[in-house]
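Start counting the sequence shown at 1; every next residue gets the next number (full-length UniProt numbering).
Only one structure is covered here, and it is reproduced in the block below.
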Amino acid sequence: MMRITAEAVSVEIGGKPLLDGVDLEVRPGELTGLIGPNGAGKTTLLRVLGALRPPGSGRVLYDGKTIARRERPALARRLAYLAQGGEAHWPLRVERLVALGRLPHQGPLGRASAEDQSAVERALQRSGVEHLRARTLATLSGGERMQVLLARALAVEAEALLADEPVAALDPHHQLRVMDLLRAEARAGKAVVVVLHDLSLAARFCDQLALLHRGRLLAQGRPESVLGDRELASAYGVRVLRGMERGEPFLLPWERLEAGERP
1 MMRITAEAVS VEIGGKPLLD GVDLEVRPGE LTGLIGPNGA GKTTLLRVLG
51 ALRPPGSGRV LYDGKTIARR ERPALARRLA YLAQGGEAHW PLRVERLVAL
101 GRLPHQGPLG RASAEDQSAV ERALQRSGVE HLRARTLATL SGGERMQVLL
151 ARALAVEAEA LLADEPVAAL DPHHQLRVMD LLRAEARAGK AVVVVLHDLS
201 LAARFCDQLA LLHRGRLLAQ GRPESVLGDR ELASAYGVRV LRGMERGEPF
251 LLPWERLEAG ERP
């Protein structure tokens, strides 16, 4: 299974740093959460990890090796990426859209095999959208579109899955379903990275967290070490309430902190 390592990754646009010397190791069998306030660099880092954007400096290693341009097709079979927003610009039926996830596995003629169809069926069922298979994207809600696009990413059956805010448009029931699914992918041995804003979901489901603030890595490690009062006050400017339910933690952002109250 794939291990992804970012070493001193920096990115800037127009002289503005988006990432500044970020080190991160994404290990197989773990669900890694990228958290931080708006504009912290989470999506930029995810795109760099997914080889969709080159770092300005530093490097990303896949199983200890950099990826040359000629090796990108092979990487597309090993790494699946789910962008935020739930956008798709094709008037396709859901089943056909999910089948696009199998393109990296198909030859030049793009002929689907029996295994491709089986992978599509598994993805539809696991993401809970099999009942939508005959619908077109234009007829779906934002939350339904995101679930369908997650199914497309699952259909790749890659060794690593990178998901950018996959629960942002979902109701609480489906948020929990998706997080259960991502954790199951990790437990199956895959390297899974998810961008999250919900701190309780991050605390409950993730094996490790990377807290970004102004493009830098403010804290990294187990959720209980990253989600401390000082770290959350520094990054988000909030004070949280904490609790436990059935041995699992939850956090509720409770009040904003003024500038003078932040560490």
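All C-beta atoms, glycine included, are put in the ideal place defined by N, C-alpha and C.
As the structure is a computational prediction, the values presented were derived from the model and not from experiment.
Assigned exposure category for residue i - 16 Cβ within 10 Å defines buried
i: Ser127; result: buried
i: Leu161; result: buried
i: Met179; result: buried
i: Gln147; result: buried
i: residue 298; result: There is no way to answer for residue 298, as the model of the chain reaches only from 1 to 263.
i: Glu115; result: exposed
i: Ile13; result: exposed
i: Leu252; result: exposed
i: Ser113; result: exposed
i: Asp171; result: exposed
i: Thr44; result: buried
i: Thr139; result: exposed
i: Gly243; result: exposed
i: Lys190; result: buried
i: Ala74; result: exposed
i: Ser200; result: buried
For residue i: DSSP bridge partner residues
i: Lys16; result: Ile13
i: Pro253; result: Val240
i: Val26; result: Ile4
i: Gly33; result: Val194 and Leu209
i: Arg93; result: Thr136
Spatial neighbours of residue i in its chain, beta-carbon cut-off 6 Å, leaving aside the 5 residues before and after
i: Ala83; result: Asp164
i: Pro129; result: As written in the sequence, residue 129 is Val, which differs from the Pro given in the question. Counting only Cβ-Cβ distances below 6 Å, and skipping sequence neighbours, we find Gln147, Val148 and Ala151.
i: residue 269; result: Residue 269 is absent from the model: the chain starts at 1 and stops at 263.
i: residue 338; result: No information on residue 338 is available, as it lies outside the stretch 1 to 263 that the chain covers here.
i: Tyr81; result: Gly50 and Leu162
i: Pro249; result: Ala203
Chain-order list of residues whose beta-carbon lies under 7 Å from that of residue i (same chain, five-residue window excluded)
i: Ala119; result: Arg102, Ala155 and Glu157
i: Leu92; result: Thr136 and Leu137
i: His105; result: Arg77 and Asp116
i: Pro166; result: Leu82, Met146, Leu150, Val178 and Val194
i: Leu257; result: Ala233, Gly237, Val238 and Arg239
Own chain partners of residue i with C-beta closer than 8 Å, once the 5 adjacent residues on each side are dropped
i: Leu49; result: Ile4, Ala6, Leu24, Val26, Val60, Leu162 and Val193
i: Gly143; result: Gly86, Ala169, Leu170, Asp171 and His174
Cutoff 7 Å: residue i Cβ touching any chain C Cβ
i: Glu231; result: No chain C is present in this structure, which holds just one protein chain.
Distance cut-off 6 Å: residue i Cβ against heavy atoms of the ligand MN
i: Gly36; result: By its list of ligands, the structure shown contains no ligand whatsoever, and the ligand MN lies outside what it can speak to.
Which runs of the beta strand (DSSP E) spanning at least 3 residues fall entirely within the region 200 to 250, listed in chain order? 208 to 213, 216 to 221 and 238 to 245
Enumerated in chain order, which unbroken segments of the alpha helix (DSSP H) with a length of 4 residues or greater are wholly contained in the region 124 to 201? 142 to 155 and 172 to 187
What are the complete beta strand (DSSP E) segments, minimum 3 residues, inside the region 55 to 85? 57 to 62 and 79 to 82
On the three-pair Cβ rule with 8 Å, is the region 217 to 229 touching the region 50 to 69? no
Inter-stretch contact at 8 Å, needing at least 3 Cβ pairs: the region 226 to 233 / the region 41 to 54: no
With three or more beta-carbon pairs closer than 8 Å as the criterion, would you say the region 36 to 46 touches the region 201 to 216? The region 36 to 46 and the region 201 to 216 touch, with no fewer than 3 CB-CB distances between them shorter than 8 Å.
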